[in-house]
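Data block below; observations after.
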């Protein structure tokens, strides 16, 4: 294992553990999502009846994630996420746009490149689902080669087209952990051959 990878591994594991909302279990992550669904339902604006509002809201989020940097996170997060927004990315459950900003800034400290491309959108009244492709480069992981992952995110927006709820549905094992030294080998061994 290269020295840089050995040095990065503890930092990434610490980031992941810290990001897991003080060691939340999968059941606790799911329960927090259920609670967030209930709390955001009354404030979420229907997006199926106004194509211009939908396009503006999704466009703002796409702009935010198109080429994420520590500077863009610092500049844009509080305008894109409502003050009491909820984020659940399968690794962490975070409430409040200040905490979301801090979480993304810390994540950007490890990534050289993070870009998310929106591929398709579907709407169910207050719920907006976006299918996406994430391109991430971390010099100490995957020999610096790009890591590509696909997923779907559920968004709910407020009157100001800010995100109230952000729930990612993606395979964090293949999207992130599979590329970590040691842990990645274990995940690949456990995955059935095709």
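In the working numbering, the protein residues as written are 32 to 225.
Heads up, the beta-carbon is just placed ideally off N, CA and C, and yes, glycines get one too.
query	result
DSSP beta-bridge partners of residue 155	158
Cβ-Cβ separation, residue 179 to residue 164 (assumed contact under 8 Å), whole Å	6 Å
Own chain partners of residue 107 with C-beta closer than 6 Å, once the 5 adjacent residues on each side are dropped	95
The region 104-119 in contact with the region 128-146 per 3-pair CB rule at 8 Å	yes
Residue 155, buried or exposed, once every other Cβ within 10 Å from all chains shown has been counted against 16	exposed
Length of the line joining the Cα atoms of residue 168 and residue 89	24 Å
Buried versus exposed call for residue 150 [16 or more other C-beta atoms within 10 Å across all chains shown]	exposed
Rounded straight-line distance, which links the Cα of residue 84 to that of residue 125	26 Å
Span separating the alpha-carbon of residue 142 from that of residue 170	8 Å
Completely contained alpha helix (DSSP H) runs for the region 53-98, where each covers 4 or more residues	57-72, 82-97
Among 111, 110, 109, 128, nearest to residue 117 - alpha-carbon criterion	128
Own chain, CB closer than 8 Å to residue 202, minus 5 neighbours either side, in chain order	180, 182
Neighbourhood of residue 113 by C-beta distance below 7 Å, restricted to the same chain and skipping five residues each side	128, 189, 193, 194, 195
Whole beta strand (DSSP E) elements within the region 176-200, 3-residue minimum	178-188
Residue 183: CB within 8 Å of a non-hydrogen atom of the ligand NAP	Among the components of this structure there are no ligands whatsoever, and the ligand NAP is therefore not found.
Between the CA atoms of residue 121 and residue 56 - distance to the nearest angstrom	10 Å
Neighbour-count burial assignment, residue 184, 16 or more Cβ in a 10 Å radius	buried
Residue 119 - partner residues in DSSP beta bridges	124, 198
Min CB distance residue 87 to chain B below 9 Å	Absent from the structure: chain B. Only one protein chain is present.
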